[in-house]
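Asks: Below is the structure I would like to discuss, written out as structure tokens.
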Amino acid sequence: MKTIKSSLVIAILMVISVAGINAQTDKTAELKIKTSAVCDMCKETLEKNLAFEKGIKKSELDVDSKILTVTYNPQKITPEKIRLAVSKTGYDADDVPANKKAYDKLDGCCKKGAVCNDKK
Numbered sequence: 002m003k004t005i006k007s008s009l010v011i012a013i014l015m016v017i018s019v020a021g022i023n024a025q026t027d028k029t030a031e032l033k034i035k036t037s038a039v040c041d042m043c044k045e046t047l048e049k050n051l052a053f054e055k056g057i058k059k060s061e062l063d064v065d066s067k068i069l070t071v072t073y074n075p076q077k078i079t080p081e082k083i084r085l086a087v088s089k090t091g092y093d094a095d096d097v098p099a100n101k102k103a104y105d106k107l108d109g110c111c112k113k114g115a116v117c118n119d120k121k
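For the sequence shown, the positions run 2 to 121 when this note's numbering is used.
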């Protein structure tokens with residue numbers, strides 16, 4: 002009887018420790034970035050490009066507020082690298098200005114101050 006109880010306790014401890022390890026690797030953080038995006042085309046471009054960045058789980062741009070919400074794994078990518086990725090896409094990211102070459106390649110509709118037909 003004692004052996005069964007000991008085995009059961011060991012099994013429970015193993016399950017708890019494995020669950021704890023998985024919980025540690027699944028940690029995510031959320032970052033909100035003020036961008037210079039102006040339309041739905043900007044939204045599509047940003048979300049598509051950030052999907053290829055290692056460590057970014059999800060990104061979503063609210064076009065009206067110009068706020069990009071990024072869910073990411075802080076063990077794989079930093080907020081600074083995320084802002085730099087946004088900049089390399091051609092958009093400002095908080096205090097990080099848009100990369101000039103990338104900005105110049107944006108559609109005219111996606112430039113700062115542009116009035117877009119596709120904006121909701």
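Heads up, the beta-carbon is just placed ideally off N, CA and C, and yes, glycines get one too.
Determine the burial state of Lys44: buried for a count of at least 16 other Cβ atoms within 10 Å of its Cβ, exposed for fewer.
Replies: As a working mapping, residue 44 is identified with position 43 in the sequence shown. Buried, by the Cβ-count rule.
Asks: If I follow the unbroken alpha helix (DSSP H) through Tyr104, where does it start and stop?
Replies: Counted from its first residue, the sequence shown places residue 104 at position 103. Unbroken alpha helix (DSSP H) run through Tyr104: Lys101 to Lys106.
Asks: Have a look at Thr29, Val97 and Val39 and flag the residue whose alpha-carbon is nearest the alpha-carbon of Ser66.
Replies: For the purposes of this step, residue 66 is taken as the residue at position 65 of the sequence shown. Out of Thr29, Val97 and Val39, Val39 has the C-alpha closest to the C-alpha of Ser66.
Asks: If we count the other Cβ atoms within 10 Å of its Cβ and call it buried at 16 or more, is Gly114 buried or exposed?
Replies: Reading the sequence shown from its first residue, position 113 is the one you call residue 114. Counting Cβ neighbours within 10 Å, Gly114 comes out exposed, since fewer than 16 surround it.
Asks: State the Cα-Cα distance for the pair Ile34 and Ala99, rounded to the nearest angstrom.
Replies: Within the sequence shown, numbered from 1, the residue matching residue 34 stands at position 33. Within the sequence shown, numbered from 1, the residue matching residue 99 stands at position 98. Cα to Cα, the separation comes out at about 13 Å.
Asks: In chain order, what residues of the same chain lie with their CB nearer than 6 Å to the CB of Gly91, ignoring the 5 residues before and after it?
Replies: By one-based count along the sequence shown, residue 91 stands at place 90. Ala99, Ala103, Tyr104 and Leu107, listed in sequence order.
Asks: Could you spell out the range, first to last residue, of the beta strand (DSSP E) harbouring Ala38?
Replies: Position 37 of the sequence shown, counted from the start, is the residue given in the question as residue 38. Ala38 -> no beta strand (DSSP E), and no H or E assigned at all.
Asks: Where does Val87 fall in DSSP's three states?
Replies: Residue mapping note: residue 87 aligns to position 86 of the sequence shown, counting from 1. If DSSP states are grouped into helix, strand and coil, Val87 belongs with the helices.
Asks: Suppose you measure from the CA of Asp95 to the CA of Lys28; what does that come to, to the nearest Å?
Replies: To locate residue 95, count along the sequence shown from 1; it is residue 94. To locate residue 28, count along the sequence shown from 1; it is residue 27. Taking the straight line joining both Cα atoms gives about 24 Å.
Asks: For Leu32 and Tyr73, which I take to be in contact (beta-carbon distance under 8 Å), what is that distance rounded to the nearest angstrom?
Replies: Here residue 32 corresponds to residue number 31 of the sequence shown, with the count starting at 1. Here residue 73 corresponds to residue number 72 of the sequence shown, with the count starting at 1. The Cβ separation is near 7 Å, so the contact holds.
Asks: What does the alpha-carbon distance come out to for the pair Ser88 and Lys82?
Replies: Within the sequence shown, residue 88 is the residue found at index 87, counting from 1. Within the sequence shown, residue 82 is the residue found at index 81, counting from 1. Using only the alpha carbons, I get a separation of about 10 Å.
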